[in-house]
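Numbering (the working numbering), first residue to last: 49 to 333.
We put the beta carbon where it would ideally sit given N, CA and C, even for glycine.
If you're wondering where the values come from, they're calculated on a predicted model, not measured in any experiment.
Report on one structure; see the data block that follows.
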Ligand code: AMP
């Protein structure tokens, strides 16, 4: 496994790899790698790709007052996880390498970035789209792998790739969960043991939504009320940012559940912001 810190190194290594192999697969991450990231890496490797992982805590996607400074950066153990999972190249640049002295060009994906997390993190998706566009230009992958856990991010990146005719395929992989259903996240370690126990209610509330739809309920507002009731059982200090039912492709709110629908939520438990979502497809057999 190679580790590159500079753009030039990445370009040279990928160019050489392309000579021998067909496909380059790319997994962008902020490091602190866990089972969720590993599932994306494995998918790229299984797809037969020369697999590139970026590890970069992207400053432009953090809002003021968020955890940018304290975000975990365990580079050595991340590199070991990459090595153990047959990654070919890790790109771990410093912020200066990626952003230079001044950035005046940004990628703004309209509409899809407005609802859900966009309401609470107004600059977040501009940072995400911009860094992904930069990384795609540097790595020039044939395929990039994202997690369903960050559903809005995946929708935004797919739209950016389509709108800007970027020559790569976006694959979205299922959310990896802890045994009690909590979506695996680098931020789970901020939770106290009581908060961690109660955080399992988030996925339970989404499963309840799914069951209600299976039982024939289609009214989004009624389902949201039932989801909220379960989240209200969290006794630790918490605040619900949103519980929304949206079209899974456009992220627009819907009133009646039909077709591919997403139930998505963001809840702060203590100071830790957790997000999760579930796709309900009424057309699926
Ligand atoms: P991050 O390092 O948080 O920016 O995440 C990098 C990639 O890993 C994103 O595409 C995430 O959606 C994905 N990811 C994070 N957590 C999970 C999870 N629990 N299951 C699947 N993918 C995940």
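query, result
"Three-state secondary structure assigned by DSSP to residue 322", "strand"
"Simplified DSSP state of residue 105, which is helix, strand or coil", "coil"
"Near ligand 1: residue 237 beta-carbon under 7 Å from a heavy atom", "no"
"Spatial distance of residue 127 from residue 114 (CA atoms)", "26 Å"
"Residue ranges of each beta strand (DSSP E) within the segment 174-208, 3 or longer", "191-195"
"Sufficient close CB pairs (3 or more, under 8 Å) joining the segment 297-317 to the segment 245-254", "yes"
"Where the alpha helix (DSSP H) through residue 168 begins and ends", "165-168"
"Secondary structure, alpha helix (DSSP H): runs of 4+ residues fully inside the segment 52-87", "55-68"
"Cβ contact check for the segment 101-108 and the segment 62-80: 3 or more pairs under 8 Å", "yes"
"Alpha carbon of residue 209 to alpha carbon of residue 134, nearest angstrom", "27 Å"
"Heavy atom of ligand 1 within 7 Å of residue 78 beta-carbon", "yes"
"Residue 172: CB within 7 Å of a non-hydrogen atom of ligand 1", "no"
"Beta-carbon separation (whole angstroms), residue 249 vs residue 278, contact threshold 8 Å", "6 Å"
"Sub-8 Å separation of residue 186 and residue 58 beta-carbons", "yes"
"Spatial distance of residue 171 from residue 302 (CA atoms)", "25 Å"
"Coarse secondary structure for residue 125, derived from DSSP in three states", "helix"
"Among 143, 308, 299 and 306, nearest to residue 158 - alpha-carbon criterion", "299"
"C-alpha gap between residue 169 and residue 68, whole angstroms", "42 Å"
"N-terminal and C-terminal residue of the beta strand (DSSP E) that residue 290 is part of", "286-295"
"8 Å contact criterion, which residue 160 and residue 197 should meet: CB distance rounded", "Residue 160 to residue 197, Cβ: 17 Å. No contact."
"Coarse secondary structure for residue 349, derived from DSSP in three states", "The question about residue 349 has no answer, for the chain in this structure spans 49 to 333."
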